[in-house]
Amino acid sequence: MAEMERAFGCNTCRCTGFRPIMDTVKSFAVDASADLCQKVRDIEELNICKKTNAACERKCSVKSVDSDWSILTDDSIKYDSQDTIVLDTDDNHKYFKVYNEDEIFNTLRLNGTDSYMFIDGNTGKGLYDDFDYPRVLIDISSVKSLKTYKFDQNLILGANISLQDCITIFKDAAATRSEFAYLAEFAKHLDLIAHIPVRNIGSIAGNLMLRDGLGSHKLLKMTEFLKYDMCGRLVVSVELPPLSSKYVVQSYKVMPRHQNSLAIVNACFVVKVNSKTNVIDDAKLVFGNISADFIHATKTEVYLKGKNFLKDDTVQGAINLLNNEIQPKDIPPQQSPECRKKLAIGLFYKFMLKIASSNAAPRYRSGGNLISRPVSKGHQDYQTDKSLYPLNQPVHKLEAKIQSAGEAQFANDIPPMPHEVFGAFALSTVASGKVDTVKTEKVLKIEGVVAVYTAKDIPGKNSFTKPGIQLQMEDEEILATDIKFCGQPVAIVVATTEELAAKVAKQLEITYKDVRGTPPVLTIDQAKKDSKRYSPYSDGIEPKSKGNNVKKIIKGVYQIDAQYHYYMEPITSVVVPVDERFEVYDSCQWMDLTQIAVAQCLGIKESDVVVKVLRVGGGFGGKISRNVQAVGIDDDGKIQYLNATIVEDDGCSHNENILAYVAQGFPNCYDPSTFSLKTAAVLTDLPSNSFARAPGTAEGISSIEHIMEHIAFTVKKDATEVRKLNMRTEDNDLPPLIDDFKKETDYDKRAKEIDQFNKSNRWMKKAICISVMSFPVIYYGNYSGMVSVYRGDGTVTVTTGGIEMGQGCNTKVAQVCAYVLGIPVEYVSVLPHHSFTAANNVFSGSSITSESTCYAVMKACKMINQRLEPIRAKMTDPTWKALVMKAGDEEVDLTAIYMMTDKEEDLSGYNAYAVTILEAQLDILTGQFELLRVDILEDVGLSANPNLDVGQVEGGYIQGLGYFMCEKLVYDKKTGKLLTNRSINYHVPLALDIPAEFNVKLRYNSKNPKGVLGSKAVPYDTEAILGAVEVKLNEMVLTK
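Residues 1 to 1040 in full-length UniProt numbering are what the sequence shown spells out, letter by letter.
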């Protein structure tokens, strides 16, 4: 199962929480538990053995010769002797497929070495934002001599052996040859590089530009190789020497997440130790990602020779030398030089503790180890009432099968149409000023380029917003004339292919005028210095009283950075002219605004724009918030007064401001009578981000939770008791939920064990904490639901104005429809969303979309039931099919539409509650941490579908894990350009980042009288309670 988990390092799907995916893939492992196999029993037919054509009996060796992962053999690389294949590509490149080393150098002789590239796995292009292939491409992937290995005195590896095969070779060599035992450590390190699909084709030689003189052979040390001119040269092999047992080898790679990431810092230390005298005879200290000219800590290496590694002055002297030798460069978006320097020194100290082993003081020994992560597991606990089925039934999501099979169609999947063209934005390279000229002459001569449009070509209004409707306060230009941020669309290039449009858009020459001579304003602190950029808002909290028992005053600043959307689906619009209308297939969450924007841009009627949304591949965004607070407390931690100001970075416009939501979320479950909250927003030279998961409320709740942790730390009391002391007494279910959940999860026992662990370990720390949430659910806007019953067979179609974006909205709608009509859920089909049937509907968001659309569909179904009642009364216990057939014969209208609004008398706001207990471990020397266990108790009322609600809880939590712990938007301070704009440097959580034990329970016996059919929304704010992780990690560092 561990191998199956690690195999998913290439999959990014944080909004699912990964847990159900991991359960499924692990069920195919040879060591899968019976419970796990039972949980996913519905896919048992896939578990067929290809040898016996029967169900797998789990008896085959993991090293089966038929395994796709087995090490290559000579038989597997038999290539027929062929002449070089030569192809001329459409974009003026020459491609050569060669089969031996002689052909490689013949190709170089004939074509020159001025512009060429060797290709094996071709994985190197993933490292570069803009990757242009050279003139000559030489495919060497079929050169047999480069894919073999052998042992003489050394292990000689062919340069094109894949990294994944290297791992297998190293493990085998370490297990069978004592002189190569150290390769087990190398295998572990290679396993941290990229992920399996990349390692399967990425070679040792990699994507280097391998060049220099022809035909001769040279054996180079690695330090020589790094400086060697490789023009026209080929790496043929890599040799690894045997090492005696006197050598200790240890490598480290510290990453922002567990897998598939470049190192913050990596290192490898090799020392030869005299076990009798504890003296270091030789040392090699190698570091990565410090600077281009620093690899070996040579001065420290010399110092260590002849020193006793058990003496404190040896270690201290080495650390002092390293402090001088290691001087990292500032290279955004990498971590700061200070961070990388401390981390490098921390790795060296960790290594010294490792070789000291039992000679080190007991309290320090664990510092020599890395945190060990077990195979993840999870438990899901909820009630269902079969008498209500299909309501409350944990059925699978309607689209689950077609999505997992790749058959679900998104806007980006619509097949090409005749005469279809593609558009790509040309973006500004400055953060301020005005567009002066856009030079189109050159690009319009390129074959396949159809047109280049700028602001002057827009026939209607140059704005994609509509001031006056929800969340829209000002116009924002579609194609810029005034530049407000780097990367703003200036023009759109239209071409016959998407690739050509994107390429030409980058080549378009744009000049600017009135560009400010000062760096762009990118932070809240910078913007606050300019009164024109600072706007106080009325959203906030006014205090009703103030305590007079102030014993301590706490002041602090809490900043939450923005989060990138990272959609699974590219943001896509496909527009098709039909008759005199435009049909827009869009990946949006707000059909109404899309319709308005298209119409006003083209200067046409809204009725001439039809918007269709098939489904959306996830939808989030984020804004930066900064909270400054001063809190007066008594000796027990009870708040006497709280003064807080929250400032939001709105980017270049105040559209979609979230401060009202911040003010709603900030009180959380606490008594706000002594709270004074003021809010404000600033304008910066950054794009205005759209909403995130739980916009505003996540920031509000995490801010007050941060304050509670700060109070508890100050008064040295349990944070849970401090929270309960400050909770409101009315309309708050949390106190008994906390007490019950603590007992269920053995909180007190675990807390004592952790306290003892921390006393016994200096460099490894653990923490356990409780976070709570009271999420204010407020209905707003309007959502339509249309239901049509077909008299021929009684089946039903439904369409709504709530966008399906993976949260299961369509599935709950189908269940509610089936429940109200009294039919099987299989009778119900949910159609794509359409602006014709859901005109003027509000955006989908704020956790209420599923509830609101279910309400609209429920009302529409009740209308149909009322129309059917007279027909039913004339019949004797009719079947559904007979009933609707008769109704059709009597021309009864079997289509109903209802628009839910926020004025419904039977709907009112309420609070959704959650309690989370987190246990984490931190390696203080590296900063690496592990979420050992997370237990979440979520109040969802009478769930329409517990399966979906559990998935939303898990996904929200992992979304928050990224938001608070590893996702970071970094901008160039000189230009304002976003630097973390690709998966190589923007790190969303992956499968191995989820809690090792991830348990979710839905509150029992909780029917909501204020919601839809007893349910509650599943707030996205499960991510807000992740703010406590950050606090607890800081506390662990301070724990002595």
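Heads up, the beta-carbon is just placed ideally off N, CA and C, and yes, glycines get one too. On a predicted model such as this, the values are computed, not experimentally measured, just so you know.
Is the beta carbon of residue i sitting closer than 9 Å to the one on residue j?
{"i": "TYR247", "j": "VAL273", "result": "yes"}
{"i": "HIS654", "j": "LEU683", "result": "yes"}
{"i": "ARG373", "j": "ALA767", "result": "no"}
{"i": "ALA912", "j": "LYS1032", "result": "no"}
{"i": "ILE871", "j": "ALA896", "result": "no"}
{"i": "ILE803", "j": "MET591", "result": "yes"}
{"i": "LYS307", "j": "THR314", "result": "yes"}
{"i": "GLY9", "j": "LEU990", "result": "yes"}
{"i": "TYR898", "j": "ALA860", "result": "yes"}
{"i": "TYR95", "j": "ILE104", "result": "no"}
{"i": "PHE757", "j": "ILE701", "result": "no"}
{"i": "LYS159", "j": "LEU234", "result": "For clarity, residue 159 is Ala in the given sequence; the question names Lys instead. The answer is yes: Cβ separation under 9 Å."}
{"i": "ILE984", "j": "LEU262", "result": "yes"}
{"i": "GLN472", "j": "GLU656", "result": "yes"}
{"i": "MET1036", "j": "LEU925", "result": "no"}
{"i": "GLN383", "j": "LEU1002", "result": "yes"}
Leaving out five residues on either side along the sequence, give the residues of the same chain with a beta carbon under 6 Å from the beta carbon of residue i.
{"i": "MET209", "result": "In this prediction, MET209 has a pLDDT of 39, which is less than 50 and means its spatial position is unreliable; what the coordinates show is noted afterwards. Nothing meets the Cβ criterion."}
{"i": "LYS78", "result": "Residue confidence for LYS78 is low, a pLDDT of 46 falling below 50, so the modelled location carries little weight; the figure read from the coordinates is stated next. Around LYS78: no qualifying Cβ."}
{"i": "GLY213", "result": "In this prediction, GLY213 scores a pLDDT of 31, lower than 50, which makes its location untrustworthy; the coordinate-derived value is nonetheless stated afterwards. Excluding sequence neighbours, GLY213 sits near GLY232."}
{"i": "SER64", "result": "Confidence at SER64 is low in this model, with a pLDDT of 41, below 50, so its placement is unreliable and the value that follows should be read with caution. Excluding positions up to five away in sequence, the list is empty."}
{"i": "LEU347", "result": "TYR252 and ALA267"}
{"i": "LEU500", "result": "GLY448"}
{"i": "SER829", "result": "THR797"}
{"i": "ASN11", "result": "none"}
{"i": "CYS13", "result": "none"}
{"i": "ALA630", "result": "LYS555 and ASN643"}
Cutting at 7 Å between CB atoms, please list the residues of its own chain near residue i, excluding the five before and the five after it.
{"i": "TYR375", "result": "The sequence shown places Val at residue 375, rather than the Tyr named in the question. Around VAL375: MET1, ALA2 and GLU5."}
{"i": "CYS769", "result": "ALA719, LEU918, ALA1028 and LYS1032"}
{"i": "ARG933", "result": "GLU919, PRO995, ALA996 and GLU997"}
{"i": "PHE257", "result": "First, the residue type needs correcting, since residue 257 is Arg and not Phe in the sequence shown. Excluding residues within five positions, the ones whose Cβ falls inside 7 Å are CYS966, HIS987, PRO989, LEU990 and ASP993."}
{"i": "ILE571", "result": "SER587"}
{"i": "PRO467", "result": "MET473, GLU474 and ASP475"}
{"i": "LYS341", "result": "ILE326 and PRO328"}
Among the options, whose alpha-carbon lies nearest the alpha-carbon of residue i?
{"i": "LEU285", "options": "ILE319, LYS506 and GLY126", "result": "ILE319"}
{"i": "ASP636", "options": "GLN526, LYS551 and ASP381", "result": "LYS551"}
{"i": "GLU101", "options": "SER908, GLU325 and SER237", "result": "SER237"}
{"i": "GLU583", "options": "PHE351, HIS833 and ASP649", "result": "HIS833"}
{"i": "residue 1067", "options": "ALA29, LEU110 and GLU705", "result": "In the structure displayed, the chain extends from 1 to 1040; residue 1067 sits before or after that span and is not available."}
{"i": "PRO1009", "options": "VAL940, SER690, SER688 and ASP739", "result": "VAL940"}
{"i": "VAL613", "options": "ASP740, MET417 and ASP413", "result": "ASP413"}
{"i": "MET858", "options": "ASP293, LYS974, MET900 and LYS439", "result": "MET900"}
{"i": "ALA205", "options": "ARG177, ARG257, GLY121 and VAL265", "result": "GLY121"}
{"i": "GLU709", "options": "GLY468, LEU110 and GLY556", "result": "GLY556"}
{"i": "THR277", "options": "LEU157, PRO362, ALA356 and GLN559", "result": "ALA356"}
{"i": "LEU978", "options": "LEU427, LYS442, ILE119 and SER358", "result": "LEU427"}
{"i": "ILE633", "options": "ILE553, ASN945, GLU179 and PRO672", "result": "ILE553"}
Opposite residue i in the DSSP bridges: which residues?
{"i": "TYR986", "result": "DSSP, once it has assigned bridges, lists no residue as partnering TYR986."}
{"i": "GLN629", "result": "GLY556 and ALA644"}
{"i": "SER676", "result": "ASN643"}
Within the continuous alpha helix (DSSP H) that includes residue i, where are the two ends?
{"i": "ARG933", "result": "Unbroken run through ARG933 is the beta strand (DSSP E), 929–938; no alpha helix (DSSP H)."}
{"i": "CYS854", "result": "849–874"}
{"i": "CYS166", "result": "163–176"}
{"i": "PRO333", "result": "First-last for PRO333: undefined, no H or E at that position."}
{"i": "ASN947", "result": "946–961"}
Counting only the same chain and skipping the five closest in sequence on each side, list residues whose C-beta sits under 8 Å from that of residue i.
{"i": "VAL884", "result": "VAL789, TYR790, ARG791, GLY794, LEU868 and LEU894"}
{"i": "ASP68", "result": "With a pLDDT of 39 at ASP68, under the threshold of 50, the modelled position of this residue cannot be trusted, and the question is left open."}
{"i": "ILE345", "result": "ILE319, LEU322, ASN323 and ILE326"}
{"i": "LYS26", "result": "MET1, MET4, GLU5, ALA32, LEU36 and VAL375"}
Name the two residues that bound the continuous beta strand (DSSP E) containing residue i.
{"i": "ASN274", "result": "265–274"}
{"i": "HIS296", "result": "294–296"}
{"i": "HIS189", "result": "Note, HIS189: premise wrong, no beta strand (DSSP E); alpha helix (DSSP H) at 183–190."}
{"i": "ASP282", "result": "279–291"}
{"i": "ILE193", "result": "Careful: ILE193 lies outside any beta strand (DSSP E) and carries neither H nor E."}
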